[in-house]
Structures are given as structure tokens and as C-alpha cells.
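There are 4 protein chains.
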Amino acid sequence: MIVVMKSGAKKSEIQNVLKQIKRLKLKPHLSAGIERTIIGIIGDERLFKKEQFSMLPGVENVIPVLKPYKLASRDFKKSDTIIDVAGVKIGGNNIVVIAGPCSVETKEQLMKTARIVKKAGANLLRGGAYKPRTSPYAFQGLGKEGLKFLAAARRETGLGIVTEVMESQDVELVAEYADMLQVGARNMQNTKLLRSLGKIRKPILLKRNFAATLNEFLMSAEYILSGGNEQVVLCERGIRTFVEYTRNTFDLNIIPVIKQLSHLPILADPSHATGRQDIVIPMSRAAIACGADGLIVEVHTNPAQAFSDGDQSLTPEQFSTLMRESKVIADAIGRSLE
Amino acid sequence: MIVVMKSGAKKSEIQNVLKQIKRLKLKPHLSAGIERTIIGIIGDERLFKKEQFSMLPGVENVIPVLKPYKLASRDFKKSDTIIDVAGVKIGGNNIVVIAGPCSVETKEQLMKTARIVKKAGANLLRGGAYKPRTSPYAFQGLGKEGLKFLAAARRETGLGIVTEVMESQDVELVAEYADMLQVGARNMQNTKLLRSLGKIRKPILLKRNFAATLNEFLMSAEYILSGGNEQVVLCERGIRTFVEYTRNTFDLNIIPVIKQLSHLPILADPSHATGRQDIVIPMSRAAIACGADGLIVEVHTNPAQAFSDGDQSLTPEQFSTLMRESKVIADAIGRSLE
Amino acid sequence: MIVVMKSGAKKSEIQNVLKQIKRLKLKPHLSAGIERTIIGIIGDERLFKKEQFSMLPGVENVIPVLKPYKLASRDFKKSDTIIDVAGVKIGGNNIVVIAGPCSVETKEQLMKTARIVKKAGANLLRGGAYKPRTSPYAFQGLGKEGLKFLAAARRETGLGIVTEVMESQDVELVAEYADMLQVGARNMQNTKLLRSLGKIRKPILLKRNFAATLNEFLMSAEYILSGGNEQVVLCERGIRTFVEYTRNTFDLNIIPVIKQLSHLPILADPSHATGRQDIVIPMSRAAIACGADGLIVEVHTNPAQAFSDGDQSLTPEQFSTLMRESKVIADAIGRSLE
Amino acid sequence: MIVVMKSGAKKSEIQNVLKQIKRLKLKPHLSAGIERTIIGIIGDERLFKKEQFSMLPGVENVIPVLKPYKLASRDFKKSDTIIDVAGVKIGGNNIVVIAGPCSVETKEQLMKTARIVKKAGANLLRGGAYKPRTSPYAFQGLGKEGLKFLAAARRETGLGIVTEVMESQDVELVAEYADMLQVGARNMQNTKLLRSLGKIRKPILLKRNFAATLNEFLMSAEYILSGGNEQVVLCERGIRTFVEYTRNTFDLNIIPVIKQLSHLPILADPSHATGRQDIVIPMSRAAIACGADGLIVEVHTNPAQAFSDGDQSLTPEQFSTLMRESKVIADAIGRSLE
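Chains as they are written, first to last, in numbering that gives the first Met the number 0: chain A, 0 to 337; chain B, 0 to 337; chain C, 0 to 337; chain D, 0 to 337.
Right, dumping it as C-alpha cells:
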């Protein structure tokens with residue numbers, strides 16, 4: 000960490016910072032510049048707080064140098080992490096596609112959709128049994144019954160299932176049914192949930208909150224990793240900006256940046272990120288082109304009748320197109336989508 | 000809701016929209032403009048979904064007309080709601096100040112701070128026993144022990160206590176100790192927590208998420224209200240923008256807007272909203288000047304040693320200044336801060 | 000335009016809106032809903048102002064229905080516009096790459112870079128002679144001398160040149176030298192400049208301002224088009240968001256959306272949009288994959304010594320990689336990059 | 000500036016950075032930490048470029064330490080700058096109110112409005128003769144004729160006039176008529192205009208662009224100051240965020256921050272910042288309460304018929320209320336609004 004003193008800071012104020020550094024058993028590195036004195040603090044900056052310096056008199060600014068995450072970083076683990084979800088590898092050279100309805104609505108709807116996405120080439124089945132909805136008057140999901148329908152769809156199609164868990168007390172139940180547990184964007188900083196997920200041994204799909212910085216996103220992964228669960232897959236699903244023509248702003252830029260900073264795989268969710276069925280296909284191509292390890296997309300047999308998120312769901316025909324075009328891009332960049 | 004057809008939409012497409020309207024037992028209102036046909040849908044738009052029209056062929060856009068919230072709206076209840084928290088009235092002509100440390104750290108620290116804020120004129124005591132932290136390596140709160148310390152501080156000072164609850168399963172326990180339960184910004188859309196809070200009969204302090212629109216904010220209040228708990232106090236605590244000189248952007252503009260649209264009281268949290276101790280006082284004056292029903296601020300006896308949020312905590316002396324200056328503004332606009 | 004009356008609006012207030020509609024020679028369309036009366040206004044909403052209704056008593060909201068732009072819209076012209084810049088076609092099935100240094104620094108640097116990008120396959124040469132810089136202490140461009148160097152580079156390599164114009168009074172001079180005049184992001188709403196560009200008959204590259212909505216972006220194109228210059232190429236170059244790991248947030252989502260709403264070609268500028276050399280290549284692949292008509296990228300023979308924007312400039316080797324990989328993606332989606 | 004080396008940077012890479020420092024005649028300050036080596040660069044960081052280090056091999060990050068602006072900073076000038084506009088002092092203990100119509104529409108309208116705002120207590124008259132409009136089909140201002148009307152209004156009322164200049168070539172003409180020249184938000188980084196304004200000796204009102212960071216805002220002031228014109232007044236007028244209930248987000252937080260970092264006065268423009276007549280008054284109270292040196296507000300005798308910005312213009316009665324309430328707040332904080 001670097002302490003920048005105010006121009007005109009007094010000697011005693013500088014001394015005071017040095018004392019604080021010694022008190023915390025750290026090493027100072029003083030550098031008297033033309034306009035300002037700068038003091039480097041040598042030691043693990045995860046072990047003390049910025050405020051222990053920023054609130055001292057004469058201090059203008061304190062600048063962290065190290066990244067706050069450790070286990071999620073490439074510095075910690077150089078090679079790409081590859082995660083096995085019901086036999087499907089996420090990460091490495093593979094591109095995977097997770098598809099299915101936003102919500103599990105009825106057994107018939109789910110079965111029909113599962114067969115369709117399986118046939119079109121999807122690798123895993125998604126579907127929400129527990130739904131976080133903006134409105135208390137909207138459909139909130141089938142709960143445990145929905146989990147059972149998902150299990151039935153797995154039995155029939157062989158597709159592993161990915162479904163959301165919303166609270167720490169549901170983790171055990173959802174983990175019984177799901178092959179991969181999803182943390183929704185709204186829960187990315189639900190620290191109790193993250194801690195619970197750190198204790199299980201199932202893959203986690205961690206979605207980026209729509210206001211999360213990169214550090215916050217990786218720190219949420221760090222919660223799970225530091226609990227002992229190493230199977231974390233990240234997912235970009237749009238950020239909140241001033242833009243009005245997409246529900247959120249699909250921030251594909253984070254994908255190549257994450258690839259540099261972290262060893263964890265990262266998927267892209269063009270359905271939630273854009274909220275627009277009519278651009279899901281081109282944005283899926285873009286996501287694969289810039290390095291995403293796969294996609295998670297919403298498919299509905301009749302989007303206009305979907306219980307939730309119809310605006311962004313692909314029809315079965317559109318999903319077939321998406322699979323075909325995604326494969327073309329994957330091939331073009333030397334990756335494999337099977 | 001208003002359905003805007005594409006320019007050049009076919010007659011059959013328009014007929015199809017009209018059929019859908021009838022199917023849903025709603026009334027259409029057709030209007031053939033110069034460039035486009037527009038179809039008004041008469042009926043309660045909370046009872047059907049936008050997608051039931053937006054996904055139909057020939058439809059360009061569907062525009063909601065009604066507000067999605069009902070119980071939280073001024074249309075539903077004209078007069079200001081006034082909420083009693085341990086004898087302190089929030090709303091109406093009163094201005095209240097809730098103050099205390101970010102986290103409950105030790106019994107001594109809490110007691111000392113409670114006495115200081117009481118003496119300076121605070122109306123209620125805040126303090127976090129459960130802390131949602133970005134880093135898994137940071138202090139996570141004392142939990143139940145912290146609640147007991149808060150109860151002890153209440154016994155001694157007489158100040159009612161406000162503290163955060165993070166999960167539905169903790170609601171019962173926290174409600175035993177707290178006079179008002181706080182929903183943190185990260186949990187504003189934790190729908191299970193909101194539902195649980197709808198079932199109790201204690202006042203709730205609902206903080207705005209840093210990416211929440213006004214509709215989303217009021218819909219979270221609606222979750223609690225529709226569960227039967229009418230005691231909801233809103234709180235603005237900053238939104239995420241491109242701005243770099245404050246931790247968040249304190250969006251005071253929402254205060255007079257909420258006052259028009261909702262009957263619920265709204266407080267302002269300049270500590271979290273700005274993240275800067277050095278501007279908490281002027282921004283507190285501004286919050287009261289534009290109509291906030293009060294403040295919630297962080298005070299620490301030694302900010303540089305706080306377990307969390309030291310950067311934004313006021314010293315006891317600064318807090319006295321804040322109380323004095325807030326009172327001056329309250330008086331100037333004819334409101335009462337006692 | 001649609002006028003939504005307040006719930007409980009008086010009859011006389013509704014009458015008053017109807018009178019205003021008649022006064023403006025428009026046709027009303029009244030629709031009395033359950034909670035609110037809604038009045039459609041039939042007529043060209045570009046010819047009156049929202050405020051002529053929104054400020055009337057009893058009016059809650061006025062919702063525009065039509066798009067504010069006309070000449071830039073697909074409704075006005077169905078087929079893709081293809082623009083010829085020094086023999087290079089922008090739009091249609093082609094993918095073009097414009098490359099060169101951020102600033103024209105010296106004749107030697109420019110010549111060397113021009114030869115390199117030509118050899119690697121670039122279609123047009125970019126280079127700034129007039130530079131809008133954040134700091135008054137930074138290099139501001141060579142001005143007319145820079146234009147002459149650009150002309151010399153064209154003579155030698157045959158590459159048409161694209162360069163920025165910053166003020167209406169410079170349009171004539173810059174148009175003498177350039178094959179395509181660029182409007183920088185900061186000048187997207189410099190209406191005097193846009194009007195001047197409407198009067199010339201040279202292609203314009205109009206960059207999106209980093210805070211521009213889609214409507215604002217297309218309205219800036221409309222300024223040029225309505226002046227009589229039909230040769231407008233749009234360019235996405237990043238928007239300002241809370242994100243900190245890229246200089247701006249490259250908003251690729253606008254590309255497929257613009258393709259639906261407008262007939263104008265749109266390029267992508269990954270250099271300015273991301274500000275990071277190390278992700279320019281993957282984001283270029285993504286831009287082409289989602290439908291951009293080409294790229295404009297910065298190349299410098301020695302980025303660490305660039306007079307401006309070194310952080311985002313590609314080395315010659317990196318540029319060759321970009322050309323190769325862009326061609327692979329263009330081929331994969333059936334477009335041609337030659 | 001501080002150069003942070005990658006963890007695992009080679010010795011030769013560190014040597015290379017040190018060489019570059021020497022080459023630029025700067026002094027290095029090496030600090031070998033546990034995970035990373037950090038190299039401080041001692042010398043004026045305004046005189047070299049970040050890229051001269053960030054692009055070197057083995058460098059992870061380069062962190063600027065100094066502020067990029069100099070003349071605009073409190074470090075450069077400790078005492079508040081007070082600027083005289085036609086006898087009215089802006090800055091210091093005074094609060095000033097600039098009022099008038101958005102656009103100068105007709106002589107009669109301007110005269111009437113000028114008399115009204117004068118009577119209500121405004122200190123200066125605003126009115127746009129040159130208007131930057133989003134739409135080419137909207138009213139663009141009366142130009143020189145508008146300037147003459149403004150001069151006539153000054154003759155009659157004695158109020159000094161504030162009006163916008165949009166291009167460097169208009170500076171001379173506008174300066175002939177205006178007492179203070181306004182740079183609109185869209186032109187905040189029109190560097191040619193800023194340079195021209197640096198050469199005159201009239202007060203400048205510099206509005207913040209809606210996507211400007213604090214550094215960019217002060218760097219635009221620096222352009223004018225470094226040209227020799229010391230009479231710069233800043234103005235906050237809203238930033239672009241995801242928020243939908245105000246046209247922009249009025250960012251009052253910048254006011255107390257600017258007061259710390261700069262000696263220049265800063266006004267607030269609640270009309271443009273919020274775009275809503277119905278919250279201009281409470282937000283004006285807030286602006287004064289947090290330390291603004293005054294307000295600039297739009298007043299129209301008949302907002303529903305305004306040629307521009309009717310939605311945000313106050314009626315004469317509302318303006319009287321604003322003056323009265325602003326005075327109350329000014330008095331409460333010990334400042335003087337006369």
C-alpha cells in the first residue's frame with residue numbers, strides 16, 4: 000500500500016505514519032518527492048486496513064497495490080481451472096452451452112424444452128425452481144417440485160442440470176438435485192449463501208451482480224474458494240449503465256480481462272445481459288469470439304406465454320441457429336463446441 | 000399498457016394483438032396514426048405480462064402506463080406514513096438522526112459510542128452485528144453477541160436500536176433484540192428476506208441497492224407491505240456511477256421524487272453514500288434541505304481503528320457539529336429535530 | 000405521443016388537453032382506463048413539443064411513440080447504405096479495417112506506420128492532425144502540417160486517409176486533404192460542426208460520445224444527413240460506466256441494435272473503447288462477430304514512445320495478428336475482409 | 000508516479016524501468032516488497048507520459064500520484080477566488096442567483112422575464128442566443144439578434160448577462176455583449192473554444208459535461224486558466240447515470256469536494272441537472288446547504304410554450320418561492336444572498 004502525504008504535510012505527521020507502520024509490524028519505504036512525500040508500506044496489505052492510514056493527519060490518499068483476491072488469481076494458480084459438471088468440462092479448450100427455460104413452469108414444458116435443447120446440441124439444462132422476482136405479484140417459482148421436474152428431465156435426456164439457489168438454508172436441498180448450483184446476480188454478495196456454498200463439493204455458477212466491479216466479482220468467488228470449494232465458474236450477465244436499448248449492458252470486455260487475472264472459467268449470459276431475444280444470437284457469437292468458455296441462454300417453446308423473461312427467450316428454431324453459429328465461431332478460433 | 004405496432008404492420012398482425020387482448024379479458028383501444036397503429040390495453044396491467052404482447056409479430060414496442068407498485072404509492076394512501084420506533088416518530092414533520100458505529104466491535108466501544116451519540120442528540124442507535132463484507136478475510140460481525148451488546152446499550156441510554164438482518168432465518172432472532180430491522184443495500188432484492196419481514200410487526204429500514212431504479216426500490220417495499228407489515232422506512236445510500244471521488248454517488252434527487260410518489264418516510268445515509276468522512280456534514284445538511292425525514296450516520300470514537308468503514312465514520316466532535324448544523328437546516332425549513 | 004393523465008384528473012383538465020391538441024391541429028384519441036385516462040395524439044410528433052402537454056395541469060406523463068430521427072432510420076431507407084471512401088466500400092457485406100497512429104507525430108513515423116498497416120492489409124489510414132486532449136499541457140497535434148504528412152502517406156501507399164476535424168471553421172481545410180472526416184466522441188453534439196459537415200460531400204465518420212444514448216447518436220447523424228450529406232458512417236467507441244478495468248465500456252450491443260434501426264454502416268473502435276492494448280484483439284474479433292462493418296484501430300511502431308494513447312496502440316506484430324484473426328471471423332460469418 | 004512490477008518480474012525488466020527513469024532525467028525509488036517490486040518516480044509527472052512506463056515489459060500497473068491540474072488547485076492558490084461579474088461577486092461568502100429563460104425567444108418574452116427575475120431578487124440574467132440542441136429540427140437560437148435583446152434587457156434592468164458561446168470563432172462577438180460567457184456541458188472539452196476563452200478577460204461559466212470526472216472538469220478549467228484568464232466559475236449540472244426519474248443525476252457531492260481541491264467558485268444548475276420543474280426548489284435548497292456559491296435556474300413566463308426546456312423551467316411564482324427559500328438556507332449557514 001502507498002501512503003501519499005499532503006503537499007505541506009508536517010514532519011510530525013510523516014513520523015506518525017511511520018510509527019503506525021512499525022506498530023503494525025510492517026516496513027516503511029520513504030520517498031520525498033518534489034511536491035509530496037510518499038511512503039510505501041511493505042507487507043501483506045490484506046492484513047491491515049486502508050483506514051489505519053487514511054484517517055491519520057496529513058495523509059492525502061492511500062493507494063492499494065496488491066489485488067484483494069488471492070485464491071481466484073492467476074498469481075496463485077497459473078493454469079486454467081477446468082470444472083466437471085455431470086461429465087461436461089467447463090474451461091480449457093471447450094465451449095459449453097447451457098440452455099433451458101427461465102423458470103420451470105410445468106413438467107410438460109420442461110420436458111419438451113429439455114428434449115429440444117438436447118437435440119440442438121446443448122450440453123447442460125438450466126431452469127429456475129426458485130425465482131428472485133422484482134415484483135411480489137409475479138410468479139416466484141415452483142420450489143422443490145421444480146427441482147423434481149429438473150431431475151426427471153435429467154433422467155430422460157441425460158443432461159446435467161443447473162439451477163439457482165437463493166438462501167443458505169436451501170443449499171442442501173438444491174445440492175441434492177442440481178449438478179451445478181447457480182448464484183444469481185442479486186445474490187452475488189449474499190455472503191451467508193457464499194459461505195454455505197464454500198462448504199459443499201458441487202460446481203457453482205457465480206453470476207456477476209449488475210453493479211459489481213471486477214474486484215467485487217472475484218472477491219465473491221474468493222468467499223467460495225476460501226471455504227474449500229474449488230469449483231467456481233464465473234458468468235457475465237450485464238451491468239447497469241445509462242443505456243436504454245438493452246435491459247443491461249452486456250460487458251464482454253470483462254471476459255479477456257478475467258482470463259488474464261484469474262484461472263477460473265467464465266461464461267456469458269446474453270439472455271439476461273441484453274434482455275432482447277432479437278440480439279441474443281449476434282451477442283453470443285461475440286462472447287465466444289472474445290474468449291468466453293461458453294454460454295447460458297434461455298429457450299422457451301412459446302416465449303409469449305413464458306411465466307418470466309419471455310422477452311429474452313429464444314424459440315427452439317432460434318436456439319438451433321445459435322448452436323450452429325456458435326460452433327462456427329468456436330471452430331474459427333480453434334476451440335471445440337460439441 | 001400501450002402496444003405500438005411497427006410501421007407497415009399487417010392487418011392480420013393487428014387483428015392478432017386484438018385477439019390476444021380479448022383472450023386475456025382486457026379491452027382494446029385502437030388508434031391508427033399516420034406512421035403507426037397504436038393499441039391501448041384497458042385493464043390492470045399488473046395482471047398480465049408485457050411479453051404476452053411484445054413477442055407477437057408486428058409489435059414494435061409495449062409501453063407500461065401504470066406504476067408497478069400499489070401499496071407503496073401515494074395513489075393508494077395520500078397522507079404521509081409516520082412510523083414509531085421505540086417512541087421515536089419517523090415521518091411527518093420530524094427529522095430523526097440514527098447514529099452509531101458501523102460494526103458492533105466490543106461492548107466497551109459500543110457503550111461509549113452510545114453515550115456520546117445520545118448526549119449529542121441522536122434519536123436512535125445503529126450498529127451492525129451481522130456484516131456483509133466484500134472480502135471473506137474481513138471482520139464479519141459478532142452475531143448474537145453483538146445483538147446483546149446493543150440491548151445493553153439500549154438499557155443504559157434508552158435509545159432504540161437499529162440493526163441489520165441478512166437472511167430470512169435470522170429474522171426472528173434479530174427481531175427479538177432490535178427496535179427496527181435494517182435491510183442492507185446488497186439485500187434489497189433478497190426476496191425471501193423481504194417476505195419474512197412482511198410477516199413480522201416491527202419497523203423495517205429498507206436501504207436502496209446501489210443499482211436500484213425507483214421502481215425496483217418501491218417494489219422491494221411492496222414485498223414487505225404486501226406481506227402485511229406496514230412499517231417501512233426507505234433509505235437512500237448512494238448509487239453506482241462512473242464518479243470516482245465518492246464511494247457511491249449520493250442521489251439526493253430521489254428524495255423529493257419519492258415524496259411525490261410514495262407515502263413512506265425516507266432517510267438519507269451520507270456515510271455509506273459518500274464513503275468520505277470529510278463531506279458527510281455538508282451532504283447531511285443537503286439531505287435535510289431537500290426533504291429527507293432524517294439521517295443515519297456512522298460515528299466511531301477512533302475511526303482509524305474501526306473494524307469497518309473507518310473512512311466514512313465521524314468522530315464524536317464531528318457528530319456534534321452535524322447535529323448542530325442539521326438542526327439549523329431543519330429549523331430553517333420549518334421541521335423539527337429534537 | 001401519449002398523454003397519461005393523473006389518477007383523479009378532473010374532467011376540465013382532460014378537456015384542456017383536448018383543446019391543446021386541437022389548437023395544434025392534431026387529432027386526439029381518448030381512452031378512459033380503470034385507473035387513468037390516456038389520450039393518444041395523432042400527428043407528427045416531431046412538430047410539437049412534449050412540454051406543450053407535460054406542463055398542463057392534471058398530466059402525469061407524456062410518452063413519445065415515434066423515433067426522433069427520420070433520415071437515419073430503416074423506416075426511411077430499407078437497404079443498407081454503402082459508402083465509398085477512396086474506393087473502399089464501407090457497409091454491405093464488406094468488413095474494412097482503418098489503422099494508423101493516434102496522432103501524426105513526425106513524417107517518418109507516419110510513413111513507416113502507413114507502410115506497415117498497408118502491408119498487413121489495412122484498407123484505410125487513420126492519424127490525428129488535430130487532437131482534443133484532456134490536458135492543456137499535452138501534445139495538441141501538428142495541425143495543417145499533419146494533414147500534409149497524411150497526404151504524402153496516401154501518395155506513397157495508396158491508402159485513403161481518415162482524420163479528425165474539430166471545428167466548423169476547419170472543415171474546408173481538412174476536407175481538402177482527407178478522404179473521410181472524423182467527428183470525435185467529444186464533438187458528437189457540436190452542432191455547428193455537424194451542420195458544416197452536412198454541407199460538404201465527403202464521407203463522415205461519426206463517433207459516439209461516451210455518454211450518448213442511441214437516440215442522441217442517431218440524431219447527430221440526422222444533423223449531417225438533413226444538411227444533405229448522405230455519407231455518414233457511425234462508430235462505437237465506448238461508453239462511460241462504473242467499470243474500472245477498461246478506459247470506457249465497449250458497448251458492442253449497440254451494433255446489432257443499430258443494424259435494425261438504421262441503414263447506416265457502423266464501425267467499432269476497440270482501441271479507444273477499451274484503452275487497453277492487451278484486449279484489443281479479442282474485442283476486435285467480438286465486434287466483427289456481432290455485426291460491425293469494420294474496425295478502426297491504433298497502431299504505433301513504438302507504443303511506449305507514442306505522443307498520445309500509447310496504452311491502447313498495437314505494435315506492428317499485434318496488428319498483423321489482428322488482421323489475420325479478424326479475417327477468420329469475417330469468413331466464419333460469411334463476410335469479406337480483403 | 001508509481002510503477003508496480005508484475006509478481007515475478009525479471010531483474011532485467013526492473014533494470015529497464017530504472018534506465019527509462021534515468022533517460023527521462025527523473026529519480027527512481029526502488030522498493031522490493033514481498034510479492035512485487037514497486038518503483039517510485041520522483042519528478043513532475045505532468046512532464047512525461049504514463050505509457051512511457053506502462054508499456055514496458057514486466058510492468059503491471061502505473062499509478063499517478065499528483066493531480067493533473069495545477070492552476071485550478073488549492074495547492075496553487077489557498078484562498079477562495081472571487082469573481083466580479085458586472086459588479087456581482089461570485090465566490091467568498093456570497094450566494095448568487097442567475098435566472099432567466101433557457102432560450103431568448105422574443106424581445107418581449109426576454110424583457111418580461113428579466114423584469115420578473117430582477118424583482119424576485121436574481122443577481123444576473125441568463126438566456127441562450129446560441130442553443131446546442133439534440134435535434135436538427137428543434138429551435139437553434141436567435142444568434143446575434145438574441146445577444147442584442149440580452150443587451151437591451153441589461154440596459155433596462157441593470158442585470159449583468161450570462162450567455163452561451165459554442166465555437167471559438169464566436170467568442171469575440173459574444174464577449175462584446177455578455178458579462179459572463181457560458182461553456183455548455185457538451186462543449187466542456189471543446190479545447191479550441193477553451194483556448195479562445197483563455198485569451199479574453201471576461202468571466203467564464205464552465206459547465207461540467209455529464210460524463211466528466213472531477214479531473215477532466217478541472218482540466219477544462221486549467222485550459223482557460225493556463226491561457227491567462229483567471230476568471231473561471233465552475234457549474235455542476237448533472238451526470239449521466241442509470242437513473243430514469245431525473246434527466247440527469249444532480250451530483251451535489253462534487254460541490255464540497257471541489258471546495259477542498261480547488262479555489263474556484265462553483266455554482267449549481269438544478270434545472271438542467273434534474274430536468275424537472277417539480278423538484279428544482281428542494282434541490283436548490285440542497286445545493287446551497289452543501290456549499291454551492293449560487294444557482295443558475297431557468298424561469299419562463301409560460302413553461303408550456305417555451306421554445307426549449309419547458310419541462311424544467313420555473314414559473315415566476317415558483318421562482319419567487321425559490322428565492323425566498325434559498326435565502327432562508329443561506330442565512331442558516333451564515334452566507335449572504337442579497
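Yeah, the Cβ is synthetic: ideal placement off N, Cα and C, and Gly gets one too. This structure is a prediction, so every number in the text was calculated from the model and none was measured.
A contact is defined here as three or more CB-CB pairs under 8 angstroms, and the segment 320-336 of chain B fails this definition with respect to the segment 66-77 of chain A. For A/L46, the number of other beta carbons within 10 angstroms of its own is below 16, and it is reported as exposed. The residue among A/K49, A/I265 and A/E215 with its C-alpha nearest the C-alpha of B/T133 is A/E215.
Contact between the segment 304-315 of chain A and the segment 315-327 of chain C is not established, with fewer than three Cβ pairs separated by less than 8 angstroms. In this structure, DSSP gives D/M165 a state outside helix and strand, which the three-state scheme calls coil. Below the 8 angstroms Cβ cutoff, chain D contributes no neighbours of B/T320, its closest Cβ being approximately 12 angstroms away.
Annotation: C/L25 has no Cβ neighbours in chain D at a cutoff of 8 angstroms; minimum Cβ distance is about 15 angstroms. Taking all protein chains in view, the Cβ of C/I257 is crowded by 16 or more other Cβ atoms within 10 Å, so the residue is classified as buried.
A/R239 has a beta carbon lying within less than 7 angstroms of a beta carbon in chain D.
A/F249 counts as buried, since no fewer than 16 other beta carbons sit within 10 angstroms of its beta carbon. Using a Cβ-Cβ distance cut-off of 8 angstroms, the segment 100-107 of chain B and the segment 165-179 of chain B are not in contact, since fewer than three pairs of beta carbons, one from each stretch, lie closer than that value. The alpha-carbon of D/K49 is positioned some 18 angstroms away from that of A/I37. Closest option to B/E144, judged by alpha-carbon separation, among B/N228, B/A286, B/V173 and B/E337: B/V173. With a threshold of 7 angstroms between beta carbons, C/P131 makes contact with chain D. Sequence-distant partners of D/I97 (beyond 5 residues in either direction) whose C-beta falls short of 6 angstroms from its own C-beta, in its chain, are L123, R125, V161 and I295.
Within the same chain, Cβ atoms closer than 8 angstroms to the Cβ of B/L25 are found at I40, I41, G42 and F47, the five residues on either side in sequence being excluded. Measuring C-alpha to C-alpha distances from B/E297 to each of B/I254, B/D310 and B/V232 identifies B/D310 as the nearest. Residue range I203 to K206 is occupied by the beta strand (DSSP E) that includes A/K206. Inclusion of B/S167 and B/M187 in the CB contact set at 7 angstroms is not warranted, their separation being larger than that value.
Looking at the DSSP output, D/E297 bridges to D/G99. The criterion of a C-beta distance shorter than 7 angstroms is not satisfied by B/L192 and B/F148. A contact is defined here as three or more CB-CB pairs under 8 angstroms, and the segment 195-207 of chain D meets this definition with respect to the segment 222-240 of chain D. Per DSSP, the continuous alpha helix (DSSP H) segment holding C/A174 begins and ends at V170 to Y176. With a 10 Å radius around the Cβ and a threshold of 16 neighbouring Cβ atoms, D/D268 comes out buried. Only those residues of the segment 246-277 of chain B whose C-beta falls short of 7 angstroms from the nearest C-beta of chain A would be listed, and there are none. Between the C-alpha atoms of C/Q276 and A/G274 there is a straight-line separation of about 30 angstroms.
D/R207 does not reach chain C, its nearest Cβ partner there being about 12 angstroms away, counting only Cβ pairs nearer than 9 angstroms. Residues G309 and S312 of the same chain have their beta carbon placed closer than 6 angstroms to that of A/P302, with the five preceding and five following residues left out of the count. A distance of 7 angstroms or more separates the beta carbons of C/T112 and C/T240. For D/H28, the uninterrupted beta strand (DSSP E) segment begins and ends at K26 to A31.
Excluding residues up to 5 positions away in sequence, E34 and R35 lie with their Cβ nearer than 7 angstroms to the Cβ of A/S6 in the same chain. In the three-state reduction of the DSSP assignment, D/E316 falls in the helix class. Among the residues of the segment 58-90 of chain B, those with a Cβ less than 7 angstroms away from any Cβ of chain C are I62, V64, L65 and D74, in the order of the chain. Around the C-beta of D/D83, fewer than 16 other C-beta atoms lie within 10 Å, and the residue is accordingly described as exposed.
Looking at the DSSP output, C/A267 sits in a beta bridge with C/E235 and C/L294. Note on the segment 40-115 of chain D: whole beta strand (DSSP E) runs with a minimum of 3 residues are 58-62, 82-84, 87-89 and 95-99, in chain order.
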